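> Quick one: the structure is below, and I'll ask about it shortly.
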Amino acid sequence: MPTFFETRQLVAPGDLLAEGTYVAGENTYKENNKIYASRLGLVQYEDKKVNVVALRAFYIPKLGDTIIGTIVEVGFSGWTLDINSPYLAILRASEVLSRPFRPQENELSKVLDVGDLVIAKIMAYDRAHDPRLTVGEPGLGKITRGQVVKMTPTKIPRVIGRKGSMVSMIKQETDCHIILGQNGVILITGKSLKDEQLAMMALRKIECESHTSGLTDRVSQMIKKEKAKQKEELNSESKT
Amino acid sequence: MSQKPEKLIDKKGLRLDGRKPEELRSIKIEVGILPNADGSAYIQQGKNKILAGVYGPRELHPKHLALPDRTVLRCRYHMAPFSVQERKSPAPSRRDIELSKVIREALEPSIFLEYYPRTGIDIFVEILQADGGTRCASITAAALALADAGIPMRDLVVACAAGKADDTIVLDLMDTEDKKGGADVPVALMPNLNAITLLQMDGILTFEEFEKAVNLALKGCRKIYTMQKEALKAKYESVKEVEE
Numbered sequence: 000m001p002t003f004f005e006t007r008q009l010v011a012p013g014d015l016l017a018e019g020t021y022v023a024g025e026n027t028y029k030e031n032n033k034i035y036a037s038r039l040g041l042v043q044y045e046d047k048k049v050n051v052v053a054l055r056a057f058y059i060p061k062l063g064d065t066i067i068g069t070i071v072e073v074g075f076s077g078w079t080l081d082i083n084s085p086y087l088a089i090l091r092a093s094e095v096l097s098r099p100f101r102p103q104e105n106e107l108s109k110v111l112d113v114g115d116l117v118i119a120k121i122m123a124y125d126r127a128h129d130p131r132l133t134v135g136e137p138g139l140g141k142i143t144r145g146q147v148v149k150m151t152p153t154k155i156p157r158v159i160g161r162k163g164s165m166v167s168m169i170k171q172e173t174d175c176h177i178i179l180g181q182n183g184v185i186l187i188t189g190k191s192l193k194d195e196q197l198a199m200m201a202l203r204k205i206e207c208e209s210h211t212s213g214l215t216d217r218v219s220q221m222i223k224k225e226k227a228k229q230k231e232e233l234n235s236e237s238k239t
Numbered sequence: 000m001s002q003k004p005e006k007l008i009d010k011k012g013l014r015l016d017g018r019k020p021e022e023l024r025s026i027k028i029e030v031g032i033l034p035n036a037d038g039s040a041y042i043q044q045g046k047n048k049i050l051a052g053v054y055g056p057r058e059l060h061p062k063h064l065a066l067p068d069r070t071v072l073r074c075r076y077h078m079a080p081f082s083v084q085e086r087k088s089p090a091p092s093r094r095d096i097e098l099s100k101v102i103r104e105a106l107e108p109s110i111f112l113e114y115y116p117r118t119g120i121d122i123f124v125e126i127l128q129a130d131g132g133t134r135c136a137s138i139t140a141a142a143l144a145l146a147d148a149g150i151p152m153r154d155l156v157v158a159c160a161a162g163k164a165d166d167t168i169v170l171d172l173m174d175t176e177d178k179k180g181g182a183d184v185p186v187a188l189m190p191n192l193n194a195i196t197l198l199q200m201d202g203i204l205t206f207e208e209f210e211k212a213v214n215l216a217l218k219g220c221r222k223i224y225t226m227q228k229e230a231l232k233a234k235y236e237s238v239k240e241v242e243e
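Here's what the structure looks like:
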């Protein structure tokens with residue numbers, strides 16, 4: 000039962016990863032007792048399971064995921080949202096308006112209009128139907144301020160870090176509130192634009208170096224350095 | 000170009016551009032060069048210059064084309080007006096439409112179409128400069144663009160042609176050899192699965208010659224495959240260096 004690569008090695012679609020009684024995990028497939036990669040990424044062998052962490056992928060809706068979407072269409076009884084996925088999502092008017100909804104009286108574009116960003120949860124999705132969204136939980140709904148960063152959805156787990164270590168560190172260091180959409184859209188809200196920009200820099204760094212180890216420490220160092228630099232600038236400004 | 004050269008193969012057994020019969024043209028491949036497309040690739044094979052761009056999977060328009068059980072793969076092969084010596088009309092010709100179909104069918108087996116029902120994947124292949132064997136180079140580039148877009152694939156697809164110039168079986172025909180030569184056999188291959196996804200022949204070959212041509216083309220495919228994979232990985236190699 001040989002394996003043909005080492006963990007963390009870069010593989011291309013079609014590369015033979017393992018032979019024998021292995022289990023095909025993410026981004027792999029099994030044929031004739033052989034496991035092949037189906038996406039470009041980094042291979043991982045865990046016991047009997049073979050995974051490929053994809054470097055490029057798109058978001059496939061999953062029940063209960065929190066996502067951030069953009070409204071692309073206002074219909075008669077709801078909205079259509081772009082959620083950075085092959086499928087458009089539907090948000091029904093009755094989910095947003097608590098009162099009974101009458102199409103004649105309520106104009107939906109006054110509530111949410113094209114271009115608005117919404118934090119929502121996936122309420123229903125399967126192969127045959129487009130995903131349906133809900134905003135009926137605390138913390139969900141229209142975004143009114145902050146900065147949005149987009150990255151490939153496979154990198155979101157890296158931003159969260161082990162047990163949320165990475166994201167909580169950034170939150171603490173930059174004093175920003177961060178909401179991670181599982182679809183690769185991230186919202187940052189802070190007290191000032193400078194704080195938000197700092198958090199955005201940190202996220203960009205994670206995106207570029209997502210598969211390197213010891214990243215949390217390096218990102219925290221970078222933030223501290225930037226903060227010191229900002230303070231210095233502030234001091235020199237106040238002097239002149 | 001318009002005059003017929005006396006011989007396609009000289010006394011030393013070399014071809015018009017100095018290649019040996021079983022030698023490929025020089026190949027340069029780059030991946031991910033179009034930021035506006037989901038995935039892209041560029042290939043230079045001899046004088047061929049080809050760009051491939053991929054979008055999707057995405058909402059399919061017009062919607063009535065969508066299938067309930069799988070993705071619809073669409074492909075457009077297009078030659079730029081300046082890609083050949085005599086200006087080519089930019090409108091899709093009969094040949095363009097046929098090659099679009101051939102390229103699509105060569106790539107279809109490599110993609111997990113059933114993963115994303117009701118969506119579409121679009122491939123655009125733009126021939127900037129043509130010098131024979133563009134369908135093969137297009138397949139090689141389009142497969143890379145698909146992989147670059149993060150579309151799950153069984154294997155990469157790589158294509159190469161073999162044919163007959165004068166009486167010799169030669170690899171990777173260029174335009175003059177294709178037009179004045181005896182036959183042309185383009186082959187597309189999924190190298191790891193060892194499966195042929197395209198096999199055409201135009202011209203006349205004996206059975207033995209055909210077999211020889213196919214085997215030669217397969218050998219060419221495998222050579223191009225190593226370059227193809229290298230190019231795909233090269234895009235992300237820079238990221239890896241940070242780690243080490």
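Note that the protein sequences, when read in sequence, are chains A and B. Just so you know, numbering that gives the first Met the number 0 puts 186 at position 187 of the first sequence, and the rest follows in order with no gaps. Just so you know, numbering that gives the first Met the number 0 puts 25 at position 26 of the second sequence, and the rest follows in order with no gaps. Note that CB positions come from ideal geometry on N, CA and C, so glycine has one too. Because the structure is a prediction, the values reported are computed rather than measured.
With a threshold of 7 Å between beta-carbons, can residue 217 of chain A be considered close to chain C, or not?
Of the protein chains in the structure, A and B, none is chain C.
> Which class does residue 205 of chain A belong to by DSSP, given the choice of helix, strand or coil?
Three-state DSSP puts residue 205 of chain A in a helix.
> Can you check DSSP and say which residues form a bridge with residue 185 of chain B?
Bridge partners of residue 185 of chain B: B/160.
> Evaluate the contact criterion for the region 180-199 of chain B versus the region 158-171 of chain B: three or more CB pairs, one atom per stretch, below 8 Å.
Touching, per the Cβ criterion.
> With 16 other CB atoms within 10 Å as the buried threshold, where does residue 84 of chain B fall?
With fewer than 16 Cβ atoms within 10 Å of its Cβ, residue 84 of chain B is classed as exposed.
> Figure out for me which residue from A/92, A/153, A/75, A/141 has the closest Cα to the Cα of residue 114 of chain A.
The residue with the shortest Cα to Cα distance from residue 114 of chain A is A/141.
> Count the other CB atoms within 10 Å of the CB of residue 220 of chain A; is the residue buried (16 or more) or exposed (fewer)?
Exposed, because fewer than 16 other Cβ atoms sit within 10 Å of the Cβ of residue 220 of chain A.
> Flag residue 37 of chain A as yes if its beta-carbon sits less than 7 Å from any beta-carbon of chain B, otherwise no.
With 7 Å as the cut-off, residue 37 of chain A counts as an interface residue toward chain B.
> Of the residues A/167, A/38, A/214, A/64, which one's Cα is nearest the Cα of residue 130 of chain A?
Nearest option by C-alpha distance: A/64.
> Quick one, are the C-beta atoms of residue 76 of chain B and residue 106 of chain B less than 7 Å apart?
Contact: no.
> Following the continuous alpha helix (DSSP H) through residue 167 of chain A, name the residue where it begins and the one where it ends.
Note, residue 167 of chain A: alpha helix (DSSP H), 164-173.
> Below 8 Å, can you find three or more Cβ-Cβ pairs linking the region 41-58 of chain B to the region 23-30 of chain B?
At 8 Å Cβ cutoff, the stretches touch.
> Between residue 72 of chain A and the rest of its own chain, which residues show a CB-CB distance below 6 Å, the 5 nearest in sequence each way excluded?
The answer, listed in chain order, is 79.
> With a cut-off of 8 Å on the beta carbons, I'd call residue 130 of chain B and residue 78 of chain B a contact; round off their distance for me.
That pair is no contact at about 12 Å.
> Could you check if residue 207 of chain A is buried or exposed, using at least 16 other CB atoms within 10 Å of its CB as the buried criterion?
Exposed is the call here.
> Please compile the residues from chain B whose C-beta is within a distance smaller than 8 Å of the C-beta of residue 64 of chain A.
Within 8 Å Cβ-Cβ: nothing; residue 64 of chain A doesn't reach chain B, min ~17 Å.
> I'd like to know whether the C-beta atoms of residue 132 of chain A and residue 88 of chain A end up nearer to each other than 7 Å.
Yes, they are a contact pair.
> Measure from the alpha carbon of residue 96 of chain A to the alpha carbon of each residue in A/76, A/70, A/85, then state which is nearest.
Closest option to residue 96 of chain A, Cα to Cα, is A/76.
> Can you list, in chain order, the residues of its chain whose CB lies under 8 Å from that of residue 165 of chain A, leaving out five sequence neighbours each side?
Excluding positions up to five away in sequence, the list reads 157, 158, 159, 205, 214, 215, 218.
> Would residue 82 of chain B pass as a contact of residue 126 of chain B if the rule is Cβ separation under 7 Å?
Yes, these two residues count as a Cβ contact at 7 Å.
> Whole angstroms is fine: what's the gap from residue 242 of chain B's alpha carbon to residue 232 of chain B's?
Residue placement at residue 242 of chain B is flagged as unreliable, the pLDDT there being 47, under the threshold of 50; the coordinate-derived value follows with that caveat. Cα-Cα distance, rounded: 15 Å.
> Going by DSSP in three states, residue 139 of chain B sits in which element: helix, strand or coil?
Three-state DSSP puts residue 139 of chain B in a helix.
> Beta strand (DSSP E) containing residue 73 of chain B: first to last residue?
Segment 71-78, the beta strand (DSSP E) holding residue 73 of chain B.
> Please list, in chain order, all residues of the same chain as residue 92 of chain A whose beta carbon is under 7 Å from its beta carbon, the five residues on each side excluded.
Excluding residues within five positions, the ones whose Cβ falls inside 7 Å are 76, 77, 100, 107.
> Exposed or buried, residue 180 of chain B, counting other C-beta atoms within 10 Å across all chains shown (16 or more means buried)?
So residue 180 of chain B ends up on the buried side.
> Using the rule of at least 16 other Cβ atoms within 10 Å of the residue's Cβ for burial, across every protein chain shown, is residue 127 of chain A buried or exposed?
The residue in question, residue 127 of chain A, is exposed, as its Cβ has fewer than 16 Cβ neighbours within 10 Å.
> For residue 57 of chain B, which residues in chain A fall below 8 Å Cβ to Cβ?
Result: 85.
> I need the DSSP call for residue 196 of chain A, collapsed to helix, strand or coil.
In the structure shown, residue 196 of chain A sits in a helix (DSSP, three-state: H, G or I).
> Would you say residue 242 of chain B reaches chain A, if we count a Cβ-Cβ gap shorter than 7 Å as a contact?
Summary for residue 242 of chain B: the model assigns pLDDT 47, below 50, so the residue's position carries little reliability, and this model does not support an answer.
> Give me the chain A residues within the contact set of residue 111 of chain B, using Cβ-Cβ distance strictly less than 7 Å, ordered along the chain.
Those within 7 Å of residue 111 of chain B in chain A are 37.
> Where residue 94 of chain B and residue 12 of chain A are concerned, what is the direct C-alpha to C-alpha distance, given to the nearest angstrom?
Taking the straight line from one Cα to the other gives about 31 Å.
> If we count Cβ pairs, one from each stretch, closer than 8 Å, do we get three or more for the region 165-176 of chain A versus the region 44-57 of chain A?
The region 165-176 of chain A is not in contact with the region 44-57 of chain A.
> Rank B/61, B/16, B/226 by C-alpha distance to the C-alpha of residue 119 of chain B and give the top, closest one.
Among B/61, B/16, B/226, the Cα nearest to that of residue 119 of chain B belongs to B/61.
> DSSP three-state call for residue 82 of chain A: helix, strand or coil?
Of the three classes helix, strand and coil, the one that applies to residue 82 of chain A here is coil, per DSSP.
> Just the C-alpha distance for residue 177 of chain A and residue 185 of chain A, rounded to the nearest angstrom, thanks.
Cα to Cα, the separation comes out at about 7 Å.
> Can you give me the Cβ contacts of residue 230 of chain B inside the same chain, cut-off strictly under 6 Å, excluding the 5 residues immediately before and after it?
28, 30, listed in sequence order.
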